[in-house]
Structures are given as structure tokens and as C-alpha cells.
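Trainee: Be aware that the first sequence starts at 3, since it is given in this note's numbering, and climbs by one per residue.
Just so you know, even glycine gets a beta-carbon here, dropped at the ideal spot from N, CA and C.
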Amino acid sequence: MAYTKFTFDDDPQPPAQDSIKQTTPKTAPIPTAVLAETEKQKAFKVVDFQASDEEIDLPFPLGGGNSTSTSSNKRKRQESAHLDIDASGFETVGKKGKTLSKRDHGEGKRLREERERLAKERAELPIWSGQEAIQKAVKENDTVVILGETGSGKTTQVPQFLLTLFPNTPSTPRPPRIAVTQPRRVAALSLATRVAAEQGTKVGQRVGHSVRFDTVVGPATRLVYCTDGMLVRELLGDPMLSQYSAIIIDEAHERNISTDILLGSLREIQKIRNAPGATDDSGNPQVPLKVIVMSATLDAERFSTFFNHCPILYVRGRQHPVKIYHTEEDSDQYEDLAVRTFFQIHTARPDGDVLIFLSGQEDIDNLAQQIKFLSNQLERHYQNVLVLPFMASTSPLDQARVFQPAPARTRKVILATNVAETSITIPGIKYVIDTGVCKEKNYLSRRGTGIETLSLKLVSQSAAQQRTGRAGREGPGFCYRLYTSQTYKKMSAAPLPEILRTNLSSVVLQLKEIGVDDVQSFGFLDMPHPDFITESLMTLYGLGALDKTLHLTPTGSRMLKFPLDPAQARIVLASIDRSCTLDILDILALANETPIFTDPIDKRAESAEARASFRHRDGDHLTMLNVLRSYEALPKSDSAGRKLWCRDRFVNERNLKRAIQARDQMREICVRENVDWKTTAGDDSEPILRSLLDGLFMNTAIERDGEYKQMVGNSIVKIHPSSTMFGRRANAILYGEIVHTSNTYARSVSQVQYAWLAELPMFSFAGAGLE
DNA sequence: CTCTCCCT
3 MAYTKFTFDD DPQPPAQDSI KQTTPKTAPI PTAVLAETEK QKAFKVVDFQ
53 ASDEEIDLPF PLGGGNSTST SSNKRKRQES AHLDIDASGF ETVGKKGKTL
103 SKRDHGEGKR LREERERLAK ERAELPIWSG QEAIQKAVKE NDTVVILGET
153 GSGKTTQVPQ FLLTLFPNTP STPRPPRIAV TQPRRVAALS LATRVAAEQG
203 TKVGQRVGHS VRFDTVVGPA TRLVYCTDGM LVRELLGDPM LSQYSAIIID
253 EAHERNISTD ILLGSLREIQ KIRNAPGATD DSGNPQVPLK VIVMSATLDA
303 ERFSTFFNHC PILYVRGRQH PVKIYHTEED SDQYEDLAVR TFFQIHTARP
353 DGDVLIFLSG QEDIDNLAQQ IKFLSNQLER HYQNVLVLPF MASTSPLDQA
403 RVFQPAPART RKVILATNVA ETSITIPGIK YVIDTGVCKE KNYLSRRGTG
453 IETLSLKLVS QSAAQQRTGR AGREGPGFCY RLYTSQTYKK MSAAPLPEIL
503 RTNLSSVVLQ LKEIGVDDVQ SFGFLDMPHP DFITESLMTL YGLGALDKTL
553 HLTPTGSRML KFPLDPAQAR IVLASIDRSC TLDILDILAL ANETPIFTDP
603 IDKRAESAEA RASFRHRDGD HLTMLNVLRS YEALPKSDSA GRKLWCRDRF
653 VNERNLKRAI QARDQMREIC VRENVDWKTT AGDDSEPILR SLLDGLFMNT
703 AIERDGEYKQ MVGNSIVKIH PSSTMFGRRA NAILYGEIVH TSNTYARSVS
753 QVQYAWLAEL PMFSFAGAGL E
């Protein structure tokens, strides 16, 4: 039996009350049944790990003196006040009552009691002792960067510190309103609820939230937790963000497109609103805009540099220790390593659930099968194993099981994509297995038409740290990285910001709307590649959103009213002329909530059959419309029946519901814009397909010898196997997107007529390539 | 012969 000894003799000293030390065996017995079964194909070798003492270098030494910096802005940094806020060094007793008791009017006893209970918890947060330092820094500077580790309490507390900083006095022209942005809507919603309770009020009073489909903000609201995308929307209608006196950009390290747009815009807004003696259009003094950038990783210095070398405050976090292990050798067989590592943990380590990070559905389904199979071979004295896949497309029912505690004598193992990497906490996780891979979307610029790719990538160091941290939410944990520490050191520090790897047509259109005519000169934190910008300008010109001088047209402005990308917004406008807006709004809403069908790997044949029952001869767009129409024809009152209907037909009901919500919002926008959304093409698909073509003319291909050749771009594309057009032949197709994975696949495909292509303004040069 | 993940 060729396997090496497997030891954990360098574990951290567990706390005295912890049971780890009594139950940890020195070597891991590998169950004979497992070995026998797998040895037929491959020797079941134990994975060797090395413990590593990974340390994070703080950019700002904690003990005061900051002379170790070697960066070019060293002098600047030394001038500004870098603070280290650490709960241990401060006495906070007696301070907490002061800010809270001030507003003890007329609220219910219950809210007051809740607030008082929460006040004790708040006072124990690491950030609490830094309240005065933070207030002082914000008072003295236009912008402050706060580097707060996870568990520091920055997201709930910093906004409340600012509330007391900007009192509502008669001299303030408007009640100072503070926005706090979040990358995810669930985060914005739950934070608003929590902070409202800490303030002793209900959401919609002093504290509100603002996310798509759900804005609860009242006249008394001073603090708004919103998604960053929502604030970008507000920016389009109010380029000075005049109703806010402070904007807090949270999770800035994630570098969303929306966050990057906001950071660039806020700096410009400050130049105007914070200039000495600045007045608004009516001649009133401008209220200066305070900006607080909050980040959880060590890129704080970049934000500081961007905002004129503003001060950085450092806040200690509170996280349980996680022991990190790396493999001794690198291997690309990460699925195999993950299985082995899981069983090493399962057979030799104390209770505690396991979270395995994988790249996507394929990995997850494979691993789930293997672990289920092998765990059934285990000797009976081992615990049961409960395997739970977890990705964004997992049904709500199955997602709920991920968060429920495991039954008695059972160890949960959760197989997750990076959906589990940020913000959500799964209770009970003690062990993390990090395969070190993820899927990442990228954009390649190529002769006028960009290409999106979705490919397997090594994660970044910061993602690896996030994954590791998932093991230390409730107590000390363990993280097994299926790569060497050398590989870790070679990983990029952070993922490439989204703005550097996406199609920019939405961004460019939005910037044009807020008056940024020369996108090249906009102050991005990271400047996108000039070719990306050129491509987006060409696309927008082709859609009629920009004129020949690249200025925004009335069509472009109208397109921005819809929460859609420019091509889709153009399709809506086309549908108005072609009298099929009802149908198009349904189709576009569905297209943005894919997948509409579920496709479990072990039931492929059944799900394909179910899809076929909705098939429309013209392709995926009208097939999805069939699904929606059938679903909406079911009795509204019978939600259990509808759920069953969806399950039997492999329809993802959650995505269908989300599409309906998005569709209804677009209908409301139509009403506001004086557009009749009730026009329908009935059974005639031609107006619908032609409307789609008006926006997707770049995404077209014609059939030649059984292959589809792009009209623009000249590549050969294949129809994705999940498409209803897969295996069928059409003269010409249009598609929602191209994705380069194992092949160049067109997804969301419908068939169109040659003749329609030739009539498009884009191809009116007598249809080159057409017959 | 198969789709990382958010957001308006």
C-alpha cells in the first residue's frame, strides 16, 4: 500500500475547552472499502499537506511609526493621520449612552429595548473605540479610506458615527442624508434592518434601504443602504448626487463596475461641491460631499492615492484563527485531490462541516457523485455524509438545506462555487477545501467586435483568503489548499477589476448621460483599454445611441430609461415601432434571468424532453416565451401546484418569478414614458424576431456547410447544446451571447431570414456574404 | 453535447 503518513502534528494549540486535542488521531486511517473501490483505477494516495504560517503584512505599522513604507507617496502618507484602531487599547464604558439617549422620543417600548440590547453588542465591536478618531478624520478631510478587516463592524457602525457627526440643524439646507453602497442586494437589505434596530427604529424611518424592486426611504430617512448599481441609477438623474452629504462606498476592494463608476464620479463631484465658495444652480451654497471608501483588503493605498492621498484608517477585525495547509506538490487533478482530502478529514478529524470551493456545475456534479458513492462504502462506525451542491442556480429549497444544521451523526459537505465566497455565512463550517480554481468572464477585443470568454482560472490571493476565512466564522477552523504555497505566492494579489474585462457599451452610454463626453479622459481608478472604448462607441453608434460626432442621441437617452444593456434597450424601442412590446418585454426579461430550465447532470435526457415540450420552431426566445405564457396561465392561487408544475418540467421557478418582476418594472417604465406596452404580435413571430435583430445585428451568423459563420467577426460558432436550435439547421441565426468555453458557443439562439439581415442598416451595403 | 457571479 503506497501511501504516505498523514499527520497534523503542527496544529495550532486549541483552546482548553476545545475538544480537538483529545480526538485528533496522529494518522488518518483510510477506510479499506474506499481504498478497494478506487484502487482499480488509481492508487488512493493520501494528499500530503504542509502547514503554512501565512501572514498578512500590514501596510501601516500598528505601533505608531510608519517609516517602513517605500512607496513613492511616502512623504504624503506620513503627513496624513494613519490610525490604528484596536479595541484592546481603548476604554469605551460610559461613552455609548451619550449618542444613543439623545433621540429617545415616542418610539415603541419594544424597539427601545431592542436598541438597548444591541447597544451592548455594538460597544464590543472592534471599531467602537475608534468612533471619535473616525469622526475627526471625516470632519477634517473630504475623503477618508477605512481599511477594516472582516468582523470589525465597519459596515454597520461607521454610517452611524457619521449620523452624529452631521446633526440636523436649522442652518443645514437639507437633512444630511448618507448613502452606503453594497455590491449585493441581500447585504443592503439585511444591513438596513440591522442598523434600523440598532437605532431603535423601523426600516423606512431614520434608516432605509434602496435596491431594485424594493426602496423603503421616507422623509425622515438619514441613512440609506443601497446597492451600488442603484446609486449609479440615481447618478444618471442627478449627476451631483445633491441629496447626499456623504457617500460611503463599502466593499470597494471588490471593484465592481458600478463601484468604479461611482469612485470616478464622486471625485469629480467633490471638485465642484467641495470647492471654496461653491454655489448650486439657485445660488445657494453647495453642501460639501464627504466620501468614505471602505475596503477589506490591503489595496487601501490605491484608493487613498486616487483621492488626493487622503488618510487611511485601519480597523482590526475579529476572526477566529484558521490553520492553513498547502499540498506539497501541485497537481491539476483538483477534483481527485478534493475527494481524497474530504475523506481524510471525514475519517480522521473531529466533527464540523466541510465546504469545498469548486469552479462550476460540472465539477460540483462530478464530485457530489463520487463523494456519495464512496461514503456509502465506509465502515459503519463513521458518520454519515450529507452532500449539498450550492451555486447560484440551486433551487431555493436546496439552498435552504445548505443553511440547516446537519442531522445527528452526519457531516455536511457543501460543494460550492464562489457564491459562498463573500457575504454569506454558512453555519457549522469548520473545514474549507480550496481547489484554487474559479471561472472568470473575460472580454477580448478583436477588430471591432469583442468576444467574451468564460474560462477556468487560478483564483487570486485575496479570493483564496476569502475562501479560507469561511472556516473561521464561528470558531477556529482549518483550510486545505489543493495547491502549494509556491503557487499561492505566484497568484495575483486580487482579481482583475471588472471594468478591465467587460464590454463597456453600458458604461460608456451611462457616462455620456452624466456629461462625460470624452470617456478616455474620465478618471477611472483603472483605465480600460482604449480598444474596448472604441468598440463600445462603434456598437453604440450602430444602435443609434450616439451620432456621428459620438454625442448622445435622443434614442440613446431613451434607451437609458430601461434597466437593460444597450442592445436590449434598442430592441424595446424597435418593438414599439413593430407593435410587439408586450412580447419583447417578456422575452428580454427572460433572457436576463437564464437559465430558465434546470439541467441536472443525472437527468439530462428527461430535462431535454421537458424542454422540447415547450419548443417553438423559431428558437430559444420564443420557446422561453412559451414557458412564461404557460406558467402565467396556471391558477395564481395555487402556488404549490405551480411549484410542482415547474419541478416536473425542469423549469427554474425562481428565475421565472424574477423575470416576471423585471418585466412588470419595464411595463411601469413604459407607462411613464408614454409607451403602449400592450401591443402584441400574436402568433406571428416575424415582428418579434425582427425587433430582436434590430438590437442584436452584431450577434448574427449564417449557415454554410453545416457551420455557422458570424456576420461580424468571421468566426465559426456552434449552437450551445442547451439550445432548442441545437442539432437543427437554419439559414441564419441570431444569438444573445457568444461564450468561449470548450468551444465557441452561441447561447439563446433564434432563427432569422436572410432577407431580414440584408435589410438591416448595418449590412445595407448589399449584403456582403449573403445570397 | 453543456452555462463563474453580481447589478439596474
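1) Output needed for residue 506: all residues of its chain with C-beta closer than 7 Å, excluding positions within five of it in sequence on either side, in chain order.
2) Could you tell me which whole alpha helix (DSSP H) segments of length 4 or greater appear in the region 500 to 555?
3) Using DSSP's beta-bridge definition, name the partner residues of residue 228.
4) Below 8 Å on the Cβ atoms is my contact criterion, and I expect residue 548 with residue 573 to pass it. Report the Cβ-Cβ distance as a whole number of Å.
5) Mapping DSSP to helix, strand and coil, what is residue 765?
6) In this structure, how does DSSP classify residue 22 when only helix, strand and coil are distinguished?
7) By the three-class DSSP mapping on this structure, what secondary structure does residue 286 have?
8) Since I believe residue 736 is in contact with residue 752 (beta carbons under 8 Å), could you give me their beta-carbon distance rounded to a whole number of angstroms?
9) Tell me where the alpha helix (DSSP H) around residue 648 begins and ends.
10) Across which residues does DSSP place residue 297 in a beta bridge pair?
11) Return yes when the Cβ of residue 693 is within less than 8 Å of the Cβ of residue 580, no when it is not.
12) With DSSP as the reference, identify every bridge partner of residue 392, one or two as the case may be.
13) Assuming residue 719 and residue 704 make a contact with CB atoms under 8 Å, what is their CB distance in whole Å?
14) What alpha helix (DSSP H) runs, 4 residues minimum, are completely inside the region 655 to 714?
15) Please classify residue 418 as buried or exposed, where buried requires at least 16 neighbouring CB atoms within 10 angstroms.
16) Assuming residue 438 and residue 460 make a contact with CB atoms under 8 Å, what is their CB distance in whole Å?
17) Looking at the unbroken beta strand (DSSP E) that takes in residue 205, where does it start and where does it end?
18) Use the C-beta contact count for residue 427: other C-beta atoms within 10 angstroms, 16 or more gives buried, fewer gives exposed.
19) State the beta-bridge partners of residue 479 as determined by DSSP.
20) Tell me the DSSP secondary structure of residue 333 in three-state form.
21) In terms of alpha-carbon separation, which member of 258, 283 and 241 lies closest to residue 267?
22) Measure how close the beta-carbons of residue 597 and residue 657 come, nearest whole angstrom, since I'm counting them as under 8 Å.
23) Tell me whether residue 162 sits in a helix, a strand or coil according to DSSP, three-state version.
24) Check whether the region 130 to 149 and the region 277 to 287 touch, using three or more Cβ-Cβ pairs below 8 Å as the test.
25) Could you give the DSSP three-state label for residue 742: helix, strand or coil?
26) Spatial neighbours of residue 726 within its chain, please: CB distance less than 7 Å, with the 5 preceding and 5 following residues excluded, ordered by chain position.
27) Classify residue 396: buried if its beta carbon has 16 or more other beta carbons within 10 angstroms, exposed otherwise.
28) Report the rounded CA-to-CA distance for residue 364 versus residue 374, giving the unit in angstroms.
29) Can you round the beta-carbon distance between residue 223 and residue 113 to whole angstroms, since I take them to be within the 8 Å contact cut?
30) Could you name the residues of the same chain whose beta carbon sits closer than 7 Å to that of residue 447, not counting the 5 residues immediately before and after it, in chain order?
31) How would you write the range of the beta strand (DSSP E) that residue 434 sits in, first residue to last?
32) Taking DSSP's pairing of strands, which residues face residue 312 in a bridge?
33) Provide the residue span of the beta strand (DSSP E) that contains residue 356, from first to last.
34) Hey, how far is the Cα of residue 570 from the Cα of residue 540?
35) Does residue 287 pass the burial test, meaning 16 or more other C-beta atoms within 10 Å, or should it be called exposed?
36) Flag this pair as yes or no: are the beta carbons of residue 402 and residue 369 separated by less than 8 Å?
Mentor: Put simply:
1) 530, 534, 535 and 538
2) 507 to 515 and 532 to 545
3) 183 and 212
4) Going by Cβ atoms, the distance from residue 548 to residue 573 rounds to 17 Å, so no, they are not a contact pair.
5) helix
6) Residue placement at residue 22 is poorly supported in this model, since its pLDDT is 22, which falls under 50; the coordinates still yield a value, given next. Three-state DSSP puts residue 22 in a helix.
7) coil
8) 6 Å
9) 641 to 650
10) 149
11) yes
12) 418
13) Not a contact, Cβ separation roughly 11 Å.
14) 655 to 674 and 688 to 698
15) buried
16) 6 Å
17) No beta strand (DSSP E) contains residue 205, which DSSP labels as neither H nor E.
18) exposed
19) 324
20) coil
21) 241
22) 7 Å
23) helix
24) no
25) strand
26) 613, 617, 621, 622 and 625
27) buried
28) 16 Å
29) That belief does not hold up - the Cβ atoms of residue 223 and residue 113 are roughly 16 Å apart, past 8 Å.
30) 531, 533, 534 and 537
31) 431 to 436
32) Paired residue(s): none; residue 312 is not in a bridge.
33) 355 to 359
34) 16 Å
35) exposed
36) no
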